[in-house]
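Structure first, then comments.
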Amino acid sequence: MKRDFLCLADLTPEQLEALLDLAITLKKEYRLGGNRPLLANKALAMIFQKPSLRTRVSFEMAMEHLGGHAFYLSPDEIKLGERESIPDVARVLSRYVNAIMARVFAHEHVVALARWATVPVINGLSDYNHPCQGLADLLTIAEKLGRLRGVRLTYLGDANNVLTSLLFGGALTGMHIRAATPKDYAPSAQVLAQARAIAEKTGATIEWFEDPHEAVRGSDVLYTDTWTSMGQEAEAARRRQVFPPYQINAALLREAGTYVGVMHCLPAHRGEEITDEVADGPQSWIFDQAENRLHAQKAILVDLLRGQ
Ligand code: CP
Ligand code: NVA
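So the mapping is simple: this note's numbering equals the position in the sequence shown, first residue as 1, plus 5.
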């Protein structure tokens, strides 16, 4: 049966660990100049309803490195659900390609693609979550700190798609995740409950804080993302009023500690959720994190297309 990659919470801890191990192997091979043609003659269709730099380029390069082919379908090209229904797009593409990656506004659209496609569907970001980013984030933390279990990560800012994937990924791998957000922008009760249900089995902990200062104390990693995600632009001015206390700047980083790593999924809005000083400073992991999208997604592709 075909499998999809829509949400980290769909995986078991063992499946997630195996994906991370595969990503590490593929990264080593790439670094040594020995990519294997694991995806020879495979094609990936990439549907985008929103802009992208990392997701588009890293998926395209991942396919190329492994001997396959990827092509980009712009928001105007398909007009998912407008020019053609999602079930029809899914069934037609399945006759041409071996996998579909989609970046959508509404999560139910990527779920519908997966429901109707007969080939694997990968969620390249939805309003609900960003599992490819989450996998690359776990890979980055594991490389930097040598472990995931017990790592204390504090996310600051908006409880968005990126945080949802971090909560699920952290819960599955036994991390201690804190989310510090304004009250009105806190993680949903459903996401917290799901992450905590996983955490109960793995020894992870999931906590919500309103006070960013209290939340960063004792952290190993600080993480932030834009205050206004794609699709929320009309709220940008209001959000800019509420979020400044959650900015990762030199003072907040000092409160967290000298050895704390800083992460951001990018694109960054420098001067808003993160300052230049921190993003470009010695504790920043952000470009290693961006690179790891490539290696993490190779693992996802190889895993889904293995044996097909
Ligand atoms: N982090 C991330 O997904 O970046 P893009 O929006 O550029 O793909
Ligand atoms: N939360 C951001 C992530 C961008 C990669 C957004 O959805 O716009």
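Glycine is no exception: its CB is placed at the ideal position from the N, C-alpha and C atoms.
Simplified DSSP assignment, three categories, for G266: Looking up residue 266 in the sequence shown gives position 261. Strand at G266.
From L140, E65 and E69, residue whose alpha carbon lies closest to that of Y77: Taking the sequence shown and counting its residues from 1, the one referred to as residue 77 is at position 72. Nearest of L140, E65 and E69 to Y77, Cα basis: E65.
Can you tell me whether T123 is helix, strand or coil according to DSSP? Counting from one through the sequence shown, the residue named residue 123 turns up at place 118. Coil.
Return the CA-CA distance between L130 and V109, expressed in angstroms with no decimal places. Residue numbering aside, residue 130 sits at position 125 when the sequence shown is read from its first letter. Residue numbering aside, residue 109 sits at position 104 when the sequence shown is read from its first letter. Answer to the nearest angstrom: the Cα atoms are 6 Å apart.
With DSSP as the reference, please indicate the residues paired to L158 in a beta bridge. Sequence index remark: in the sequence shown, residue 158 carries index 153 (1-based). Partner(s): I182 and V226.
To test your reading of the DSSP string, which unbroken alpha helix (DSSP H) runs of 4 or more residues are found completely within the stretch 65 to 99? 80 to 83 and 91 to 99
Please say whether A147 and A164 have beta carbons closer to each other than 8 Å? By one-based count along the sequence shown, residue 164 stands at place 159. By one-based count along the sequence shown, residue 147 stands at place 142. Their beta carbons are not under 8 Å apart, which means A164 does not touch A147 by this criterion.
Roughly how many angstroms separate the alpha carbons of R41 and K303, rounded to a whole number? Counting from one through the sequence shown, the residue named residue 41 turns up at place 36. Counting from one through the sequence shown, the residue named residue 303 turns up at place 298. Cα to Cα, the separation comes out at about 11 Å.
Given 8 Å, three or more beta-carbon pairs between the stretch 281 to 298 and the stretch 258 to 268: yes
Looking at C-alpha atoms only, which residue of P187, Y264, L143 and P249 is the closest neighbour of D225? Start at 1 with the first residue of the sequence shown, and residue 225 comes out as number 220. When each option's Cα is compared against that of D225, the closest is Y264.
Please indicate yes or no: does the CB of L161 lie closer than 7 Å to some heavy atom of the ligand NVA? Sequence index remark: in the sequence shown, residue 161 carries index 156 (1-based). Not under cutoff, so the answer is no.
Here's the rule: buried if 16 or more other CB atoms are within 10 angstroms of the residue's CB, otherwise exposed. What is R298? The residue you call residue 298 lines up with position 293 of the sequence shown. R298 should be labelled buried.
Measure the alpha-carbon distance for R152 versus L158 and round it to whole angstroms. Taking the sequence shown and counting its residues from 1, the one referred to as residue 152 is at position 147. Taking the sequence shown and counting its residues from 1, the one referred to as residue 158 is at position 153. Rounded to whole angstroms, R152 to L158 spans 12 Å at the Cα level.
For A200, does the count of other Cβ atoms within 10 angstroms reach 16, so buried, or fall short, so exposed? Counting from 1 along the sequence shown, the entry for residue 200 is found at position 195. By the 10 Å Cβ count, A200 comes out buried.
Quick one: what's got a C-beta closer than 8 Å to I305's C-beta in the same chain, skipping five residues either side? Here residue 305 refers to the residue found at position 300 of the sequence shown. For I305, same chain residues with a beta-carbon under 8 Å away, outside a window of 5 residues either side, are F10, L24, I127, C137 and L140 in chain order.
State yes or no: is the C-beta of D142 nearer than 7 Å to some heavy atom of the ligand PLP? Among the ligands present in this structure, namely the ligand CP and the ligand NVA, the ligand PLP is not found.
Three-state secondary structure (DSSP) at E215? Residue mapping note: residue 215 aligns to position 210 of the sequence shown, counting from 1. Residue state, collapsed to three classes: coil.
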